[in-house]
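Here the structure comes first, spelled out in structure tokens, and everything after it is commentary.
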Amino acid sequence: MSAEEMSLKTVEPAQQKEDVEEAATDDKTGQVEDDENSYQGSEKSAEDIPDEDAQQFESERNEAMVDDFHHSQNDSTKGPANASERRREKRQREIDNIHTDEQCRDSDSCDEDVVDMMDDVAWPLDTVDRLADPDFDVWRLGRDGMVDHIQYMYNDFGVTQAWKIPRLTLRMFLLGVRERYQDNPYHNFKHSFCVTQMVYSMVSKLNLRNLLSVDDLGILLTAAVCHDVDHPGLSNGYHSHAQSPLAILYDYKSILEQHHFAVTCRILTNKERNIFRNVANRDEILSDARSLILATDLALHKDIMDDFTKRIPHFNFSNRADVMSLLKIIVKCADVSNEVRPEDVATPWVERLFSEYFEQSAREKRERLPVTAYMDPEKVDIIDSQEGFIKGMMLPMYTELANLIKDARIYYVNPLKNALRRYELQKREAM
Ligand SMILES: [Zn+2]
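Every number in our numbering is 228 more than the matching position in the sequence shown, counting from 1.
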């Protein structure tokens, strides 16, 4: 257990901690979880935020303030020259309004609003300005930094405001989700962050902010954050062959995806983590988020693609079915977007993916289950496999997106073609 996990554990009430550990253990053995004990009656205050989180906020806040101090000193007589500077000033004003943890702890008059303010984040200025770039370096961020940046995305899309999410609730929700991601080589919280960041990138670069509703932007972010929560590092195929309790529970259909949505709902049953507590149309929103999470099941890929392709010629942003079809494609593109990223960002993900695959195939051999061929180190060629995945799955899907929104070609299809050329070159060199 890492120091950070230990510090996180300290914030959990005893019952909740037991539930989390029990659930994690259960998943390793494929056991179904007991919903009876889920996250009930937890009492948590802002002071319970892990020390490590608080220290990182403080350090990032200080760095940001120093940065802006220099900025304002260099140009103290002028107003903000452009949109970027105005954003910096706005953020600085937010930073200046933050009550420090110490101030709050010392004060008896620390009401709920102030407690919410305590959770404000001094956005790291050197990274949020590049957050919409597909070549954003996701490896630069630590666990707390990823939560900060997702929180920023909810704020920037106007979701926090539209859904009236108290700041502490958003943070507690994200920490709850992060805690439920298992420490797999690939399907871990950093993968969740990558998918969410790519969704943020696609909405921003393809100018979808004004074409989609704020609810849809929130549905996209929430589905992306939660889409693999509590992934056990074993595929649907493994669960089916092993006839695991999870497979039986979900009738062998989108087994993991249904589980990810169920875990999301369990996190939301905790009032202090329920980002929908002030949302009137919560049921609709959750239902759409469920559809997006289920859409990440690659077994449904052909049906989802066919539906999207059929809609492109007459696509209408006022037609709900058209919009849902696009949202599914966005989440699906983001879910498999590693090869859109620069080589130095993408390569560690390829290594991690195959490491997880090889662990599964070793387990399948141990348990005398059918061995998944593309996960078997004795059969798979990683370069061939990646080349096939880009050609057969990624390029057609991204190209279809570009057929609807042509800017997708510049930002996503072209980098993908570069990755494909790189693999083709590597293959020729290896021959
Ligand atoms: Zn995923």
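Even glycine gets a Cβ: it sits at the ideal position worked out from N, Cα and C.
query	result
Please classify L439: is it buried, with 16 or more other beta-carbons within 10 angstroms of its beta-carbon, or exposed?	exposed
Along the chain, where does the alpha helix (DSSP H) that runs through G465 open and close?	N464 to A470
Which same chain residues end up closer than 7 Å to V599 when comparing Cβ atoms and leaving out the 5 residues on each side of it in sequence?	S589, E592 and K593
Assuming H205 contacts I521 (C-beta within less than 8 Å), just tell me the rounded distance between them.	One cannot answer for residue 205 here, as it falls past the ends of the chain, which runs 229 to 659.
Considering only residues of the same chain and omitting the five flanking positions on each side of V405, which have a CB-CB separation below 7 Å?	V453, C454, V457 and I495
Going by other Cβ atoms of all chains shown within 10 Å of its Cβ, with 16 needed for buried, is R358 buried or exposed?	exposed
Would you kindly report the start and end of the unbroken alpha helix (DSSP H) that includes P576?	E571 to R594
So, with DSSP's three-state summary, where would you put K530?	helix
Where does Y382 sit, in a helix, a strand or coil, going by DSSP?	helix
Check for me: the alpha helix (DSSP H) holding M625 runs from which residue to which?	L623 to L632
In whole angstroms, what is the alpha-carbon distance linking N325 and M625?	Reliability fails at N325, whose pLDDT of 35 lies under 50, so the model's placement of it is uncertain and the value that follows must be treated cautiously. Each residue's alpha carbon lies about 45 Å from the other.
Does the beta-carbon of D354, which I'm using as the reference point, lie nearer than 6 Å to any heavy atom of ligand 1?	no
Using the C-alpha atoms, what's the distance from T397 back to Y602?	41 Å
Any heavy atom of ligand 1 within a distance shorter than 6 Å of the CB on D456?	yes
Look at the Cβ atom of I611, then the Cβ atom of K556, and state whether they are nearer than 7 Å.	no
To the nearest angstrom, report how far apart T627 and D609 are at their CA atoms.	26 Å
With H, G and I counted as helix, E and B as strand and the rest as coil, what does DSSP make of V564?	coil
Less than 6 Å separating the Cβ of D444 from some heavy atom of ligand 1?	no
Are at least three pairs of beta-carbons, each pair with one atom in the segment 414-425 and one in the segment 528-536, less than 8 Å apart?	no
Using only alpha-carbon positions, find the residue among Q486, A574 and V491 that is nearest to K418.	A574
Candidates E500, I633, N506 and E485: which alpha carbon is nearest R518's?	E485
At least one CB of chain D closer than 7 Å to the CB of H467: is that the case?	The structure shown contains no chain D; it holds only a single protein chain.
Would you please state the rounded distance, in angstroms, between the beta carbons of Y414 and L581? I believe it to be under 8 Å.	5 Å
Quick check on M400: buried or exposed, where buried means 16 or more other Cβ atoms within 10 Å of its Cβ?	buried
Have a look at V375, I503 and R371 and flag the residue whose alpha-carbon is nearest the alpha-carbon of D411.	R371
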